[in-house]
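Visitor:
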């Protein structure tokens, strides 16, 4: 079951990354205002970092559970 979830998260991460690359390409081709271009690029970059961080946490979060012990 975990493998299926990892594959689904990876698939959606690939789709999101592809869409962000397409969005950046379209903005580079159409935007004439440099300030608006920078704001779009910052938005695309932050969205990519956020999606990558979320996918990383979903895929690799189970590896950290074995090393922690509860203190009572």
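In the numbering used here, the protein residues as written are 81 to 152.
Don't be surprised by glycine CBs; every beta carbon is placed ideally from N, CA and C.
Everything numeric in this text was worked out from a predicted model, so none of it was measured.
#1: Going by DSSP in three states, residue 81 sits in which element: helix, strand or coil?
#2: Are the CB atoms of residue 131 and residue 100 within a distance shorter than 9 Å?
#3: Below 7 Å CB to CB, which residues in the same chain sit around residue 96 once its five sequence neighbours on both sides are set aside?
#4: Alpha carbon to alpha carbon, how far is residue 104 from residue 114?
#5: Using a threshold of 9 Å, state whether the C-beta atoms of residue 138 and residue 85 are closer than that.
#6: Going by the beta-carbon positions, is the gap between residue 107 and residue 121 smaller than 9 Å?
#7: Check this for me: beta carbons of residue 135 and residue 102, under 9 Å apart or not?
Guide: Taking the structure as given:
#1: coil
#2: yes
#3: 131
#4: 14 Å
#5: yes
#6: yes
#7: no
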